[in-house]
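Take the sequence shown: its letters are residues 2 to 154, numbered as in this note's numbering.
Ideal placement from N, C-alpha and C gives every residue a C-beta, glycine not left out.
Reviewing the structure listed below.
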Amino acid sequence: MTDETFSAAERAAMTQAAAERKAFAAAAKKGGTRAGRAAAKRAAELTACTDAIAALPESDRAIAEAVHEIVFAEVEDVRAKTWYGFPAYHLDGPVIAFVQPASKFGTRYCTLGFNDGAQLDDGAMWPTSFAVLEVNDEVRERITAQVRTAFGA
């Protein structure tokens, strides 16, 4: 009997998340001092994120690179890492924003998503994810506004 609760892509993402946690924990043990260990972990997380972006197909990569650039330009003290294999961004805590590449689950668009820590609240209902097909000037402005709001920048 096969387990059809999760798709192969979902199982792969969960396996990837476990490997990420293990790698980031190992990096946090390097560096001698507490500050050195924290710096080693941050460096490993950033490298994992930029490597994940570089490995994406061109259309996904262009979107992820634009989001990465915007987040680092707009948010002070932001940190990057991978989260289930996605490029993700946080403030030394839970992930606030992430890019889910279309290629990850075979969807027709990338998703710019925001988790619970994002400061997007707007009345009784608000969006927490956005489909992105390409990044042009208008989309760049919208992403910038969402990132600023989400991170309280």
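Alpha helix (DSSP H) segments (min. 4 residues) lying fully within the region 55-137:
Counting only runs of 4 or more, we get 59-75, 103-106.
For Met2, count the other beta carbons within 10 Å of its own beta carbon; 16 or more makes it buried, fewer makes it exposed. Which is it?
For Met2, the pLDDT reaches just 49, beneath the cut-off of 50, and the residue's location in the model is therefore unreliable, although a value from the coordinates is still provided. Exposed is the call here.
Between Ala63 and Pro102, what straight-line distance do the alpha-carbon atoms span, to the nearest angstrom?
If I take the Cα positions, the gap works out to 10 Å.
What's the gap between the Cα of Val148 and the Cα of Trp127?
In this structure, the CA atom of Val148 is about 14 Å from the CA atom of Trp127.
Burial state of Gly37, where buried means 16 or more other Cβ atoms lie within 10 Å:
Exposed is the label assigned to Gly37, since fewer than 16 other Cβ atoms lie within 10 Å of its Cβ.
Just to confirm before moving on: does the CB-CB distance between Asn116 and Ala132 stay below 9 Å?
Not a contact, by the Cβ cut-off of 9 Å.
Rounded to whole angstroms, what's the CA-CA distance from Arg35 to Asp93? Just pull it up for me.
Taking the straight line joining both Cα atoms gives about 15 Å.
Is Gly37 helix, strand or coil when you go by DSSP?
In the three-state DSSP reduction, Gly37 falls in the helix class (H, G or I).
Contacts around Phe106, its chain only, beta-carbon distance under 7 Å, and the 5 residues preceding and following it disregarded:
If we look at Phe106 and ignore the five residues flanking it on each side, its Cβ neighbours are Ala10.
If I measure Cβ to Cβ from Gly215 and keep anything under 7 Å in the same chain, skipping five residues before and after, which residues do I get?
An answer regarding residue 215 cannot be provided, because it is not within the stretch 2 to 154 covered by the chain.
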